[in-house]
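Everything below concerns the one structure shown next.
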Amino acid sequence: MPCFQVFFTMDFQNKFYSILLLFVFTLLINLPFGFARAKAKRYSFRWFLYIHVPIPLIFIIRNLSHIEMKYIPVFAIAAVMGQIIGGKLEI
Numbered sequence: 070m071p072c073f074q075v076f077f078t079m080d081f082q083n084k085f086y087s088i089l090l091l092f093v094f095t096l097l098i099n100l101p102f103g104f105a106r107a108k109a110k111r112y113s114f115r116w117f118l119y120i121h122v123p124i125p126l127i128f129i130i131r132n133l134s135h136i137e138m139k140y141i142p143v144f145a146i147a148a149v150m151g152q153i154i155g156g157k158l159e160i
């Protein structure tokens, strides 16, 4: 029951759309970086940059939207999903 209360407090309900929008933004911003990462040599400097360049942008937007740190794992999942899906794209 405590886990249920953590995710469904008034704070979560008020910020749900902000969290959802940032989740989608995080996923979408990571798609092109995942695509480029898949083409780069593994563990090279470019490969490392393609993984880490979107993080400051997501951090800034999260802070501007006043979303708490407890939701960071949700955005980390979106970033990993975006990297994986972007890496599988064939354009």
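Going by my numbering, the first residue of the sequence shown is number 70, and it counts up by one from there.
Every residue, glycine too, gets a C-beta built ideally from N, C-alpha and C.
Cβ-based burial, residue i [other Cβ within 10 Å; buried from 16]
| i | result |
| --- | --- |
| Leu91 | buried |
| Ala147 | buried |
| Asn99 | buried |
For residue i, three-class secondary structure by DSSP
| i | result |
| --- | --- |
| Val16 | With the chain represented from 70 up to 160, any question about residue 16 goes unanswered, as that position is not in the structure. |
| Ile154 | helix |
Contacting residues, own chain, Cβ-Cβ under 8 angstroms from residue i (five flanking each side not counted)
| i | result |
| --- | --- |
| Phe141 | The identity of residue 141 in the sequence shown is Ile, whereas the question assumes Phe. Only Arg131 meet the Cβ criterion. |
Close Cβ partners of residue i (< 7 angstroms) along its chain, the five nearest in sequence each way excluded
| i | result |
| --- | --- |
| Val149 | none |
| Ser87 | Ser134, Ile136 |
Those runs of the alpha helix (DSSP H) which lie wholly inside the segment 76-143 and span at least 4 residues: 79-108, 114-121, 123-133
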